[in-house]
Structure formats: structure tokens, C-alpha cells
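Q: The structure that follows is given in the form of C-alpha cells.
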Amino acid sequence: MNRELAYVGAAMPVSALSDNREWLIEGQRDLEIQDPFRPELLDGDWRSVVRQARDLLDGYSGRMGIHGPFMSLNILGYDPKIRAVVAERLLQGIAFAAELGATHMVVHSPFMFFGSPFLPHAQANRLADDIAVVHATLEPVVAAAQQAGCTLVIENIQDTNPAPLLALVRSFNSAQVQMSLDVGHALLMQRIGGPTPDQWVREAGPLLAHVHLQDSDGHLDRHWMPGRGNLNWYALFEALDTLAHQPRLLLELREKAEIRAGATYLAERGLVR
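The numbering used here puts the first residue of the sequence shown at 13, with every later residue one more than the last.
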């Protein structure tokens with residue numbers, strides 16, 4: 013599907029907004045605020061951070077979300093006490109999103125599979141059991157997200173096969189739960205037999221709501237600007253062009269000062285604006 017080129021946006025903390033404000037507003041680019049992944053912020057005065065962000069974003073009307081809490085958290089918790097802690101943290105993330113007016117929150121995939129990507133997820137009915145446990149964890153979070161008008165996007169982390177993550181997303185049967193693709197994570201898992209980032213796009217299809225764009229050499233989760241690693245950007249955007257919708261496109265770079273350069277690299281190759 014040949015569509016007008018999308019404006020690429022970026023993920024950043026509130027402290028980086030002033031340097032990128034004009035660029036964000038110029039194209040009403042996608043934006044992701046990263047601060048709420050930090051537990052010390054969620055236990056502190058996070059509302060002042062939200063107020064600062066809202067002040068800096070006066071004039072911005074693009075698609076904005078947050079990266080939810082993930083440190084030491086796994087949404088697949090068979091221990092009910094662990095589930096309670098995870099749900100509590102994610103609910104704090106939703107509260108931050110609601111106060112900010114954010115409409116997506118990134119949540120990390122729980123699947124860490126020790127085996128070949130071509131094998132079933134686990135023996136017998138383990139995937140179904142895992143999905144049931146995730147539902148038990150996320151039930152109050154999904155309800156709060158719906159109330160806040162915020163979509164949970166579950167991001168591939170150590171997933172070597174898209175099938176379990178896509179089965180999890182489909183199991184909610186809700187527009188409130190969609191998939192996020194981190195192309196650098198997919199590139200890393202490709203080294204042990206996982207599909208290419210562009211194949212992840214094709215597998216996810218209409219469930220793909222959100223994409224983290226970063227480059228890597230395939231050895232570490234580098235979060236380099238595009239062009240520094242060996243990701244096949246042409247194949248990725250060719251796959252994205254087959255979608256009937258436009259996922260949120262966000263550069264997620266370790267060096268925030270390189271956001272504009274990363275966007276320029278992709279724009280000069282006719283992939284984004």
C-alpha cells in the first residue's frame with residue numbers, strides 16, 4: 013500500500029522535550045514519554061513531571077504515549093503476591109498516562125523461551141496457562157486503561173517467535189491491548205533463529221500499533237540511531253507499507269541528542285518525514 017510518508021517521532025524523557033519541542037510540533041509527530049518506567053518517580057512527585065511536560069507541549073496535538081514500568085516486573089507471575097505488585101506498578105503508570113493525556117502505554121512481553129524458535133512455546137497447554145495468568149495480572153490494568161482512553165501495547169523483548177506474543181494479544185480481543193515491535197530486539201533474536209524485524213511486521217499485521225525504531229549490530233541491545241548498525245531499514249519499511257493502518261513510529265535511542273540525526277537518516281532514504 014503506497015501511502016503518504018509518515019512523520020517519525022521519538023521516545024524521550026521530559027528533560028529532552030525542550031530540545032525537540034519544535035521538531036515534534038512541526039509534524040505533530042508521535043511521542044513517548046519515558047519517565048514513568050522509573051519506580052522512584054512513581055513513588056515520588058510524578059505529577060510535577062506531568063505538569064512540566066504539559067507546559068512544554070503547549071501546541072502539540074500528536075499521538076502521545078508513555079513507556080510503562082518494567083524494572084523487575086513480569087506480567088507473567090504465577091505467584092499472586094507478585095501479580096499484585098506488578099498490577100500496582102502498572103496502575104501507577106496508567107495514572108501517569110491519564111494525567112498526561114497519553115493514549116498508549118508500553119508493557120514488556122513476558123515470554124522468555126529457552127529453545128528453538130520452531131518449537132511450540134512449551135509442553136502441553138502451558139501457553140494457555142501462561143495467558144490465563146497474564147489476564148489475572150492485567151485485568152485491573154486493562155480496565156483502568158480503558159477508563160483512561162489508553163491502549164496497552166505489549167513489546168517484544170526476548171521473544172524468538174511472534175506466535176506466543178500474538179496469541180496473548182489476540183486473547184484479549186480488545187482494541188485496548190495491541191502489539192509493540194522493537195526492531196532492535198527482533199534483530200538480536202534473529203541471531204538465534206528468530207524472524208527478521210520486517211517478518212515480525214507481517215506476522216503482527218493489524219495488531220501492530222506501535223514500533224520502537226533503533227539500530228544494532230545484533231550483539232547487544234544498542235539503541236543506536238539508524239545507520240549505525242546493520243538493520244535492513246528498507247525491508248522494514250516495505251513491510252510497514254503493506255499495513256492498512258499507520259502504527260506509531262518512535263525512535264528509541266540511547267543518545268537523545270541523536271534523535272534528529274536518526275530521523276534525518278531515515279528521511280533522506282525516503283522512508284519517513
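All C-beta atoms in this analysis are idealised placements derived from N, C-alpha and C, irrespective of residue type, glycine included. These figures come from a predicted structure and were not determined experimentally.
My output table needs one value for Ser192: the three-state DSSP class, helix, strand or coil.
A: Secondary structure of Ser192 (DSSP, three-state): strand.
Q: If you draw a straight line from the alpha carbon of Leu102 to that of Ile169, how long is it in whole angstroms?
A: 17 Å
Q: Going by DSSP, what residue range makes up the beta strand (DSSP E) through Val119?
A: 116-120
Q: In or out: His257 buried (at least 16 other Cβ within 10 Å) or exposed?
A: Exposed is the call here.
Q: Are the CB atoms of Met76 and Leu43 within a distance shorter than 8 Å?
A: yes
Q: Can you tell me whether Glu267 is helix, strand or coil according to DSSP?
A: coil
Q: Counting beta carbon pairs with one atom in the stretch 102-119 and one in the stretch 153-169, are three or more of them shorter than 8 Å?
A: yes
Q: Applying the 10 Å Cβ sphere with the 16-neighbour rule, what's the burial state of Glu16?
A: exposed
Q: For Met76, does the three-state DSSP call read helix, strand or coil?
A: strand
Q: Buried or exposed: where does Glu151 fall if 16 or more other Cβ atoms within 10 Å of its Cβ makes it buried?
A: exposed
Q: Whole angstroms is fine: what's the gap from Leu252's alpha carbon to Leu262's?
A: 13 Å
Q: Going straight from the alpha carbon of Ala23 to that of Leu265, what length do you get?
A: One C-alpha to the other measures close to 8 Å.
Q: Which term fits Asp171, buried or exposed, when burial requires 16 or more other beta carbons within 10 angstroms of its beta carbon?
A: Taking a 10 Å sphere around the C-beta of Asp171, we find 16 or more other C-beta atoms and assign the residue as buried.
Q: Provide the residue(s) that pair with Arg260 in DSSP beta bridges, ordered along the chain.
A: His222
Q: Looking only at its chain, what residues have a beta carbon closer than 6 Å to the beta carbon of Ala275, apart from the 5 residues adjacent to it on each side?
A: Val20
Q: Could you check how far apart the C-beta atoms of Glu111 and Val62 are, in whole angstroms? I think they sit under 8 Å.
A: 5 Å
Q: Apply the 10 Å Cβ neighbour rule to Thr254 and answer buried if 16 or more other Cβ atoms are within range, or exposed otherwise.
A: exposed
Q: Is it right to say Met191 is buried, meaning 16 or more other beta carbons lie within 10 angstroms of its own, or is it exposed?
A: Residue environment: Met191 is assigned as buried (16 or more neighbouring CB atoms within 10 Å of its CB, all protein chains considered).
Q: Output yes or no for whether 8 Å exceeds the beta carbon distance between Pro81 and Gln104.
A: yes
Q: Pair every Cβ in the stretch 189-203 with every Cβ in the stretch 228-238, then say whether three or more of these pairs are closer than 8 Å.
A: yes
Q: What distance in whole Å lies between the Cβ atoms of Leu177 and Phe130, which are believed to be in contact at a cut-off of 8 Å?
A: Cβ-Cβ separation between Phe130 and Leu177: approximately 16 Å, too far for a contact (criterion under 8 Å).
Q: In the DSSP assignment, find the alpha helix (DSSP H) that holds Leu112 and state where it starts and stops.
A: 92-112
Q: From which residue to which residue does the beta strand (DSSP E) around Ile45 run?
A: 43-45
Q: At least one CB of chain B closer than 8 Å to the CB of Ile271: is that the case?
A: Looking for chain B here will not work: only one protein chain is present.
Q: Apart from the five residues on each side of it in sequence, which residues of its chain come closer than 6 Å, Cβ to Cβ, to Gly71?
A: Ile37
Q: Find the nearest neighbour of Ala155 within the set Ala175, Gly113, Asp142, Ser186, judged by alpha-carbon distance.
A: Ser186
Q: How far does the alpha helix (DSSP H) with Val146 in it reach, from first residue to last?
A: From DSSP, the alpha helix (DSSP H) with Val146 extends over 138-160.
Q: Helix, strand or coil for Gly274 per DSSP?
A: helix
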